[in-house]
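The structure under discussion appears below in the form of structure tokens.
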Amino acid sequence: MEGSGKIPAKYHIDEDMGFALPHPLKELPPDYSAWTAIARDLPRLIETGQLRAKVEKLPLLDIDDLQGHRSQRLGHLALGYITMAYVWDGDNGDVRKVLPRNVAVPYCKLSEKLGLPPILVYADCVLANWKKKDPNGPMTYENMDILFSFPGGDCSKGFFLISLLVEIAASPAIKVIPTIFSTVQRQDQEALQRALLEIVFCLKEALRVFQKIHEYVDPSLFFNVLRIYLSGWQGNPQLPDGLLYEGVWDTPKKFAGGSAAQSSIFQCFDVLLGVKHGSKGGFLQEMRTYMPPAHQSFLCSLESGPSLRDFVISSGNDDLKEVYNKCVEGLVSLRDYHLQIVTKYILIPARQHCRKDEKSEEQSDQENRGTGGTNLMSFLKSVRNATQEAFL
Ligand code: HEM
Numbered sequence: 001m002e003g004s005g006k007i008p009a010k011y012h013i014d015e016d017m018g019f020a021l022p023h024p025l026k027e028l029p030p031d032y033s034a035w036t037a038i039a040r041d042l043p044r045l046i047e048t049g050q051l052r053a054k055v056e057k058l059p060l061l062d063i064d065d066l067q068g069h070r071s072q073r074l075g076h077l078a079l080g081y082i083t084m085a086y087v088w089d090g091d092n093g094d095v096r097k098v099l100p101r102n103v104a105v106p107y108c109k110l111s112e113k114l115g116l117p118p119i120l121v122y123a124d125c126v127l128a129n130w131k132k133k134d135p136n137g138p139m140t141y142e143n144m145d146i147l148f149s150f151p152g153g154d155c156s157k158g159f160f161l162i163s164l165l166v167e168i169a170a171s172p173a174i175k176v177i178p179t180i181f182s183t184v185q186r187q188d189q190e191a192l193q194r195a196l197l198e199i200v201f202c203l204k205e206a207l208r209v210f211q212k213i214h215e216y217v218d219p220s221l222f223f224n225v226l227r228i229y230l231s232g233w234q235g236n237p238q239l240p241d242g243l244l245y246e247g248v249w250d251t252p253k254k255f256a257g258g259s260a261a262q263s264s265i266f267q268c269f270d271v272l273l274g275v276k277h278g279s280k281g282g283f284l285q286e287m288r289t290y291m292p293p294a295h296q297s298f299l300c301s302l303e304s305g306p307s308l309r310d311f312v313i314s315s316g317n318d319d320l321k322e323v324y325n326k327c328v329e330g331l332v333s334l335r336d337y338h339l340q341i342v343t344k345y346i347l348i349p350a351r352q353h354c355r356k357d358e359k360s361e362e363q364s365d366q367e368n369r370g371t372g373g374t375n376l377m378s379f380l381k382s383v384r385n386a387t388q389e390a391f392l
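Numbering follows the UniProt record's numbering, in which position 379 of the sequence shown is assigned residue number 379; successive positions increment by one, without gaps.
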């Protein structure tokens, strides 16, 4: 990658969209319309208490006719929504521990083909769950929509589209990476400085877009409704053994819920800038296994690239150091902002919920967990602090 100035096609990174799937399909082949019919109607089916019966009546479909990456991604997305809805079906404590074989068998086969786990992941609900209203119009919130929704009104649209738009705002930075590597190898300090300024710009853009989340996502709907459907079955006392995928495995399996911790873009900046996450890095490393394999390979390839940080240190060039620090500052600001968001969208609603219901300590501890199952504030603060430690 270093010399060519281009990112090889095998990493599935789009020129304009970065890690997001360009032009996701909206329709599956007619044989699979039973899946999309349910996935498109989830909020109503849940509200009217029909969801589980409909899922149980689904025909057992073979995935062999689901050809092509975009069809398979849409299939994985639709089955992911159906699975989350079937397991949780509202917040009434009536949780299903067995996923029926008519969903489990095709879902696990498709997951294996794509190299993704059989649970709704960020690569489904954010990266492959979007369309433009006017195909010739811009990639703006107003001109975009999601393909499938959970209950909670426009909350899923707001959460998924803002995550996608943050991802896209940061994505021009990915294209600069080959230039960064080649300037480090050529020891061209001026060209490196220019390339790093582009990274600074992208991180600022990403923060600007992130700040729009307040306009589109309501904290109470996020906390009380959407968060339930994104929850996984790893470290979750409601499904302590995990979920049994009937007809696939004889024992239940544990998988973490959907979260932007499965986004490749932040990890990409960490690797590039040489941020080291120490003991808390395990969860982020695990989240890589929830990313499309091509994106996991891309992160691995960056790790074997030349060290930007070591080069900046050894250059003794103060201007270069300053612009490197601006990159770190951009990433710290994003993570600081993210902490504020988590306080507004999880911690404060959790406290209100706890007071209202006089919940036990164990229950409120569970609410203090992210959808990925982390003890969220201490984890997120240590990730932010590790980023700060990269300052030179
Ligand atoms: C309502 C909005 C949001 C909430 C409540 C939220 C919550 C969380 C939580 C609880 C975690 C910890 C991991 C887990 O348990 O899942 C996390 C991790 C993470 N989130 Fe968010 N998040 C939000 C929006 C976003 C957005 C829009 C992005 C950017 C696309 C983002 C990027 C990340 C990243 C990269 C991590 C991994 C930790 C890190 O690298 O700093 N989050 N988030």
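A virtual CB, placed ideally from N, CA and C, is assigned to each residue, including glycine. Computed from a predicted structure; not experimentally measured.
- Under a 10 Å Cβ-count criterion, Q72 is classified as buried, with 16 or more other Cβ atoms of the shown protein chains found around its own Cβ.
- Inter-segment contact for the region 239-254 and the region 285-300 is absent: fewer than three beta-carbon pairs are separated by less than 8 Å.
- Excluding five sequence positions before and after V176, the CB atoms of its chain that fall closer than 7 Å to its own CB belong to A195, E198 and I199, given in chain order.
- For the pair P349 and P219, the CB atoms are nearer than the 7 Å cut-off.
- The shortest C-alpha to C-alpha distance from I119 to any of G242, S307, C327 and K212 is the one to G242.
- Our two residues, E15 and T179, have alpha carbons roughly 15 Å apart in a direct line.
- A check of alpha carbon separations from D65 across I38, Q211, K109 and D188 identifies K109 as the nearest.
- Taking a cut-off of 8 Å on C-beta distances, the region 215-233 touches the region 156-168, as three or more cross pairs fall below it.
- Annotation for A170: C202, A206 and I265 place their beta carbon closer than 6 Å to its own, counting only its chain and skipping 5 residues before and after.
- Distance from the CA atom of D270 to the CA atom of S378, rounded to whole angstroms, is 19 Å.
- Assignment of G152 by DSSP, reduced to helix, strand and coil, places it in the coil class.
- Judged by DSSP secondary structure, D16 falls outside any alpha helix (DSSP H); it is assigned neither H nor E.
- Counted as a single uninterrupted DSSP element, the beta strand (DSSP E) harbouring K131 occupies residues W130 to K132.
- Looking from the CA of D41, the closest CA among G68, A78 and L60 belongs to A78.
- Across the structure, L239 and V95 are spaced so that their CA atoms are roughly 8 Å apart.
- Look at R96: its beta carbon is at least 6 Å from all of the heavy atoms in ligand 1.
- Ligand 1 approaches F266 closely enough that one of its heavy atoms is under 6 Å from the residue's Cβ.
- Secondary structure at I346: helix, using DSSP grouped into helix, strand and coil.
- Its Cα nearest to that of D145, the residue K26 stands out among K326, K26 and L331.
- Going by DSSP, I146 is part of no alpha helix (DSSP H) but of the beta strand (DSSP E) stretching over M144 to I146.
- Annotated three-state conformation of N92 is coil, per DSSP.
- Minimum Cα-Cα distance from R335 among the listed residues L320, A386 and K276 corresponds to A386.
- Going by C-alpha positions, E329 is about 44 Å away from L244.
- For the pair S315 and V184, the Cα-to-Cα distance works out to about 10 Å.
- For the set F181, A261 and F311, the Cα lying nearest the Cα of L380 is the one of A261.
- Within 10 angstroms of the beta-carbon of P106 lie 16 or more other beta-carbons, which makes it buried.
- Across the structure, P29 and P22 are spaced so that their CA atoms are roughly 19 Å apart.
- When only Cα atoms are considered, K131 and L161 end up about 10 Å apart.
- Our two residues, V248 and M84, have alpha carbons roughly 18 Å apart in a direct line.
- The three-state reading of DSSP puts K254 in coil, since its state is none of H, G, I, E or B.
- If you check the C-beta of F181 against ligand 1, you find no heavy atom less than 6 Å away.
- P59 and N102 have their C-alpha atoms spaced approximately 6 Å apart.
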